[in-house]
Amino acid sequence: MAFILKGSPECVKSELELFHLPATQMAIEDGHWVEFHPLSNVFDGGPVEFHISGSGEEYVDLSQTQLYVKAKIVKADGTPLEKDEKIGSVNLFMHFLFSQMDISLNDRLVLNSSNTYSYRSKVRISPGVILRHAKALENDTERYHLNRVLCKVYSVPQGSMSFVRDNIFVGQMPKRIIVGCVDNDAFHDTFQKSPFDFKLYHMNFIGIYVDGQPKPHAPLELNFDKNNYIKDYHSLFS
């Protein structure tokens, strides 16, 4: 079995560790939240940029970041809504406010993400751990594990009975693939439809093949009219 990362050590799943006690976390001594504001004033259509400076005594935990937004819904011309005027926001309103979010480390773009936030959680590390990291940096390079999310968009012509796409991924394969189908005009930001209103479109067969073999199981044969889709639903968690 080939390793995904060169030089990666071999391990086993925690369920098979039958003769070892769970480890005790001693490296992190304390953690606290720090608030960061945008570098410039926020205006319609412009980028919102945050800069989080490093610290020799604290590490930044990006997995615990949060974004706080104070927003107001107005008319298209910017005027306030009338009293008792009926309105509704799109689903996932916070995420829909932004079209693209990027993460850069040391001025190098490392991740295109839809969940980059303005709050950064910092943790205080044991001095011994910091010293060991500094010593290791004299002879080696730090390696950060990033869960990269790649979104691909394909258009299916109206009236098509089938759709096949080859070579979606070349090289390293993803660990999970999620497929969603929406109306074309909903995807392109029309106010009359939700871009998160995923539909079935009478789909009855879907399969993924790697090197000519179906993965991770046989193609799914969907039959929503007869409520026969329990195996397909279970594939979300397998």
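For the sequence shown, the numbering used here gives the first residue as 25, with consecutive numbering after it.
Beta carbons are placed, not taken as given, at the ideal position from N, Cα and C, and that holds for glycine.
Using the beta-carbon count (16 or more within 10 Å), is residue i buried or exposed?
| i | result |
| --- | --- |
| Thr214 | exposed |
| Thr165 | exposed |
| Lys37 | exposed |
| Thr48 | exposed |
| Thr103 | exposed |
Rank the options by C-alpha distance to the C-alpha of residue i and give the top, closest one.
| i | options | result |
| --- | --- | --- |
| Val203 | Tyr178, Thr89 and Leu155 | Tyr178 |
| Lys107 | Asn115, Val98 and Leu40 | Val98 |
| Val188 | Glu162, Ile232 and Gln90 | Ile232 |
| Ile201 | Asn163, Gly80, Met185 and Phe261 | Phe261 |
| Gln216 | Lys239, Leu63, Met197 and Val114 | Val114 |
| Asp85 | Asn130, Ile52 and Leu161 | Ile52 |
| Asp54 | Leu155, Ser87 and Glu82 | Glu82 |
| Lys199 | Met185, Ile111, Lys255 and Val234 | Val234 |
| Ile230 | Phe220, Asn65, Lys255 and Gln88 | Lys255 |
| Leu121 | Asp131, Lys94, Leu161 and Glu109 | Lys94 |
| Leu174 | Gln124, Glu59 and Thr89 | Gln124 |
| His61 | Pro46, Ser77 and Ile192 | Ser77 |
Quick check: the Cα distance between residue i and residue j, rounded to an integer number of angstroms?
| i | j | result |
| --- | --- | --- |
| Gly195 | Gln237 | 16 Å |
| Phe222 | Pro181 | 17 Å |
| Asp68 | Ser259 | 41 Å |
| His226 | Leu155 | 60 Å |
| His75 | Leu63 | 7 Å |
| Leu42 | Pro33 | 20 Å |
| Lys176 | Ser128 | 21 Å |
| Pro240 | Trp57 | 40 Å |
| Asp190 | Pro71 | 35 Å |
| Leu246 | Lys159 | 56 Å |
| Asn111 | Leu105 | In the sequence as displayed, the identity of residue 111 is Ile instead of Asn. Rounded to the nearest angstrom, the two C-alpha atoms are 9 Å apart. |
| Cys205 | Val134 | 28 Å |
| Leu224 | Ser184 | 14 Å |
| Ser79 | Tyr257 | 45 Å |
| Leu91 | Phe117 | 13 Å |
| Ser218 | Asp101 | 21 Å |
| Asp131 | His44 | 42 Å |
| Lys30 | Glu162 | 21 Å |
Any idea what DSSP makes of residue i, helix, strand or coil?
| i | result |
| --- | --- |
| Leu155 | helix |
| Tyr83 | strand |
| Ser128 | strand |
| Glu39 | helix |
| His56 | strand |
| Phe117 | helix |
The stretch 204 to 212 contacting the stretch 244 to 261, beta-carbon criterion three pairs below 8 Å: In short, these stretches do not touch, since the Cβ pair count stays below three.
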